[in-house]
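Below: the structure, in structure tokens.
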Amino acid sequence: MYSNDDSLSDHRSSPNMKIYWEDESVRDVNNNKNGKECSLIFSSSLTSLENVSMAIRSSVEQSLAKSSLHTVEEISIYDVRTPWKPIEGGAVSATLVVGQSLVADIYPEEKRGLAVAFFYVPFNIGPVIGPLIGGPLSQAFGWHSTFIFLSIFSFCVLLIMLIVVPETHQYFVKEHFHKANPTKHIVDAQPNELMPFRKPWQPLTYLTDSTIIPHIAVMTTTLATLYSSLTLFSTYLSAVPYSYSETIIGLLFVPGGVAMFTSSILSGWLSDKASKHYGHERCPEGLLVPAIALSILHPIGLIIYGWTFHYKLNLTGPLIGFILICIGQAVLEPSISSYLTAKKQSEAGAVSAANNFVNCCAAGILVAVAIPLENAMQTGPYFSLLCGINVVSIMLAGIPVYKHIRQSKLVIEKLNGSTINQKTDSPSFQSITKF
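Quick note on UniProt numbering: the sequence shown kicks off at 1 and runs consecutively.
Printed below as a string of structure tokens:
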């Protein structure tokens, strides 16, 4: 599960990230055309088939390696794992894109932050459960045993999808209601028609929207640097002076995973409070205030993480930095998603696809260049560079939020002032003043 070979670490991760865009766009088109339940079930089925195939092929390749000149890792990683990475990445991307638009269908804007936070809980709890299970499994039975476990687990998820998850696309739900209740009629608060087939690259047009691109940018930089830190984490811990086993490394991922899902829920709750305080209709940017403020922990964590590993200090330092990195990224997930889907309610899937496309492309590229760049710059300066990039992106995202809040306050003050003037000019008020 954790390889000490630096050349393998980045190549295994980046294909998975880079393939997200194509599948996200296709899922967005299918999502609007055929409904969201269809997309989720198809992707879950694809994940199950991929894991079963990987479990079978990895076992076969491991057997062949015993009688060949190649090592198990050379055959298994490159001949088996890498070609299936696009399928895995595509299946995962569907749950992120369709899941966020599903939440947007069900929950109103003022309550969406906490709902999105709970949606991200399984995504964020993965770093906790995955290493705890994968580390001991790979150490005891080999890395191919993790795919056997994933095959069983993904099949259970598919069954849950088939039984529990309903169709939430508002057009299909409305049509189903009208068929079941011919005498009743639903009146849409907003236009809600079945979207025609659109070009898969159309979500890219949202990247030209100046109201959302700064927030996509800050989400992108924090996610990319988080994955870069995750990629190098096991490499650092397996090297001298730490030299931890795979099981111990798996356990050391737990604090970061716990920090991610707890801070995500907290951020979702705070964003709902901020949305209510600033007014979700008057100033939707207000819900981003807690997330932007707490995201500053991310660059602070990068500095601590990078320089403590640079000087090979006690493990407490890197763990603190790693936890802060996780918190600083996780707080942005529910808030950014809620804001984007609120701005583009009728096209929530498309704008979520655009966001995840940029996020995952940047993460894939940074993971691919992380190890050679870190070797060239050394650990401390490399993470200082990442810290600087994140500080700039946080500032660029914070400026429009501040401007919109200030404009909203000025509008309220003008409205209050005009209301007071109308009262003072009224005849009843003048007669009371004379009396």
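Note that the Cβ used here is the ideal one computed from N, Cα and C, for glycine as well.
The structure displayed is predicted, hence computed values, not measured ones.
Other residues of its chain near residue i: CB distance less than 8 Å, five sequence neighbours each side excluded
| i | result |
| --- | --- |
| Ser264 | Ala117, Tyr120, Val121, Asn124, Ala330, Val331, Glu333 and Pro334 |
| Gly301 | Ile320, Gly321, Phe322, Ile323, Leu324, Ile325, Cys326, Ile327 and Gly328 |
| Ser267 | Gly113, Ala117, Pro290, Ala291, Leu294, Ala330, Val331, Leu332, Glu333, Pro334 and Ser335 |
| Gly126 | Gly257 |
| Ile129 | Gly257 |
Exposure label - residue i; buried when at least 16 CB within 10 Å
| i | result |
| --- | --- |
| residue 446 | No information on residue 446 is available, as it lies outside the stretch 1 to 435 that the chain covers here. |
| Val411 | exposed |
| Ser243 | exposed |
| Leu415 | exposed |
| Ile87 | buried |
| Val97 | buried |
| Thr235 | buried |
| Ser48 | buried |
| Lys18 | With a pLDDT of 41 at Lys18, under the threshold of 50, the modelled position of this residue cannot be trusted; read the value that follows with caution. Label assigned to Lys18: buried. |
| His280 | buried |
| Ile216 | buried |
| Asn359 | buried |
| Met377 | exposed |
| Thr208 | exposed |
| Leu226 | buried |
| Thr316 | exposed |
| Ser145 | buried |
| Trp164 | Per the sequence shown, the amino acid found at residue 164 is Val instead of Trp. Val164 comes out exposed. |
| Ala180 | exposed |
Reduced DSSP secondary structure (H/G/I, E/B, other) of residue i
| i | result |
| --- | --- |
| Glu109 | helix |
| His279 | For the sequence presented, residue 279 should be read as Gly rather than His. It is coil, neither helix nor strand. |
| Ser295 | coil |
| Pro241 | coil |
| Gln378 | coil |
| Trp201 | coil |
| Tyr311 | coil |
| Asp209 | coil |
| Pro136 | helix |
| Thr316 | helix |
| Val165 | coil |
| Ala330 | helix |
| Trp143 | coil |
| Ile273 | In the sequence as presented, Ile is not what sits at residue 273; that position holds Lys. DSSP places Lys273 in helix when its eight states are reduced to three. |
| Phe119 | helix |
| Pro290 | helix |
| Thr183 | coil |
| Lys344 | coil |
| Phe253 | coil |
| Asn416 | helix |
Spatial distance of residue i from residue j (CA atoms)
| i | j | result |
| --- | --- | --- |
| Asn314 | Thr308 | 8 Å |
| Ala224 | Ile325 | 11 Å |
| Glu413 | Ile399 | 21 Å |
| Leu150 | Leu340 | 32 Å |
| Pro182 | Pro166 | 21 Å |
| Lys297 | Phe261 | Note that residue 297 is Leu in the sequence shown, not Lys. Answer to the nearest angstrom: the Cα atoms are 16 Å apart. |
| Ile327 | Ala259 | 6 Å |
| Gly99 | Asn356 | 12 Å |
| Leu158 | Ser45 | 6 Å |
| His92 | Ser154 | Checking the sequence shown, residue 92 turns out to be Val, not His. Near 11 Å, if we compare the C-alpha coordinates of Ser154 and Val92. |
| Thr247 | Pro131 | 8 Å |
| Trp269 | Ile303 | 28 Å |
| Lys344 | Lys276 | 19 Å |
| Leu396 | Lys273 | 23 Å |
| Tyr206 | Glu347 | 10 Å |
| Leu373 | Gly388 | 16 Å |
| Leu137 | Cys156 | 19 Å |
| Gly349 | Leu251 | 35 Å |
| Tyr278 | Gly134 | 44 Å |
| Cys283 | Phe253 | 38 Å |
| Ile212 | Ser408 | 18 Å |
7 Å Cβ shell around residue i - same chain, five flanking residues per side excluded
| i | result |
| --- | --- |
| Ile148 | Ala55 |
| Ala370 | Asp10, Ser228, Thr231 and Leu232 |
| Ser245 | Gln139 |
| Ile405 | Tyr278, Cys283, Glu285 and Gly286 |
Contact with chain C by residue i, beta-carbon distance below 7 Å
| i | result |
| --- | --- |
| Ser151 | Here chain C cannot be found, since the structure has a single protein chain. |
Own chain partners of residue i with C-beta closer than 6 Å, once the 5 adjacent residues on each side are dropped
| i | result |
| --- | --- |
| Ala115 | Val103 and Tyr107 |
| Lys312 | Pro241 |
| Cys38 | none |
| Ser393 | Ala217, Val218 and Thr221 |
| Val391 | Pro299 |
| Glu109 | His280 and Ala342 |
Contact test: residue i Cβ vs the ligand SAM heavy atom, cutoff 6 Å
| i | result |
| --- | --- |
| Ser151 | As far as ligands go, the structure on display features none, and thus does not contain the ligand SAM. |
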